[in-house]
Amino acid sequence: MNEKVYLSIGSNLGDKESNIASSIAMLGSHVENKNIRTSSFYTSDPLYNKDQPIFINIVVELDTTFSPFQFLDKIHDIEKMLGRTLPRKKNQPRTIDIDIVLFGDSFIETEELTIPHPHALLRKFVLIPLAELIPEEIFPGTNYKIVDLLKNCPDTSRVSKHLIEKNA
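Sequential numbering from 4 applies to the sequence shown in the working numbering.
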């Protein structure tokens, strides 16, 4: 069965745009994943550990036949291939970070995986690109459209569209 999935992908080490593009290509290399659509790229300040480079973030929408835990395993494989070290250290610089924000209508709460992502509603770097893709959708577990959640988000950090420089 196809499930609509929304991922938050960020990078603040190395060639950030390339890290994100590579992760999208790797997601698309699985026949189980189809109809990939991405938000614009956004530049955002680090939230918790301020002593690190700025991030580039996007949200990716796709359809998958993977289960949530199979999908999580694939994400961890992609992160490892792109240089993410394990164990994953919170709030540290990283080449790639892929989080499942939404997975169909799933509500999961385990030590390994929580869906919807427990901090999504508190992060503009997730809500802004998500609102770009699905502004009028109701965020699961709330009675609010994503665009309205963004208006009321307590996050005051700077998030702006990232302009990708084109080589002449």
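All C-beta atoms in this analysis are idealised placements derived from N, C-alpha and C, irrespective of residue type, glycine included.
Bear in mind that the values here come from a model prediction, so they are computed numbers and not experimental data.
*Leu153 and Ile137 look like a contact to me (Cβ under 8 angstroms); what is the Cβ gap, rounded to whole Å?*
Locating residue 153 in the sequence shown gives position 150, where the first residue counts as 1. Locating residue 137 in the sequence shown gives position 134, where the first residue counts as 1. With 8 angstroms as the limit, Leu153 and Ile137 do not qualify as a contact, their Cβ atoms being about 11 angstroms apart.
*If you draw a straight line from the C-alpha of Gly107 to the C-alpha of Asp54, how long is it?*
On the sequence shown, position 104 is the one that residue 107 refers to. On the sequence shown, position 51 is the one that residue 54 refers to. Each residue's alpha carbon lies about 35 angstroms from the other.
_8 angstroms is my cut-off, CB to CB: does Phe128 come that close to chain C?_
This model lacks chain C altogether, as it is built from one protein chain only.
*Going by C-alpha distance, which of Asn22, Pro121, Leu125 is nearest Asn60?*
For the purposes of this step, residue 60 is taken as residue 57 along the sequence shown, with counting starting at 1. Comparing Cα positions, the closest option is Asn22.
*Give me the Cα-Cα distance between Thr145 and Phe110, rounded to the nearest whole angstrom.*
Stepping through the sequence shown from its first residue, residue 145 is reached at position 142. Stepping through the sequence shown from its first residue, residue 110 is reached at position 107. Taking the straight line joining both Cα atoms gives about 12 angstroms.
*Provide the residue(s) that pair with Lys37 in DSSP beta bridges, ordered along the chain.*
What you label residue 37 is simply residue 34 of the sequence shown in a count that begins at 1. According to DSSP, Lys37 bridges with Asp66.
*Beta carbon of Thr98 nearer than 8 angstroms to that of Gly17*: Locating residue 98 in the sequence shown gives position 95, counting from the first residue. Locating residue 17 in the sequence shown gives position 14, counting from the first residue. Their beta carbons are under 8 angstroms apart, which means Thr98 touches Gly17 by this criterion.
*Counting only runs of 4+ residues fully inside the segment 62-148, write out the alpha helix (DSSP H) ranges in chain order.*
71-84, 127-136
*Flag this pair as yes or no: are the beta carbons of Ile175 and Pro49 separated by less than 8 angstroms?*
This structure cannot speak to residue 175, because the chain is shown only from 4 to 171.
*Straight-line CA distance for Val8 to Ser42?*
Residue 8 sits at position 5 when you count from the first residue of the sequence shown. Residue 42 sits at position 39 when you count from the first residue of the sequence shown. Cα to Cα, the separation comes out at about 13 angstroms.
*asked:* Quick check: Ser163 and Tyr51, are their CB atoms within less than 8 angstroms of each other?
replied: The residue labelled residue 163 in the question sits at position 160 within the sequence shown. The residue labelled residue 51 in the question sits at position 48 within the sequence shown. Cβ distance not < 8 angstroms, so Ser163 and Tyr51 don't count as in contact.
*Comparing alpha-carbon positions, which option in Ser32, Glu140, Thr159 lies nearest Lys127?*
In the sequence shown, residue 127 corresponds to position 124, counting from 1. It is Thr159 whose Cα lies nearest to the Cα of Lys127.
_According to DSSP, simplified to helix, strand and coil, what is Glu17?_
Taking the sequence shown and counting its residues from 1, one reaches residue 17 at position 14. In the sequence under discussion, the amino acid at residue 17 is Gly, which differs from the Glu named in the question. It is coil, neither helix nor strand.
*With a Cβ-Cβ cutoff of 8 angstroms, do Ser11 and Val104 count as a contact?*
Within the sequence shown, numbered from 1, the residue matching residue 11 stands at position 8. Within the sequence shown, numbered from 1, the residue matching residue 104 stands at position 101. Cβ atoms of Ser11 and Val104: closer than 8 angstroms.
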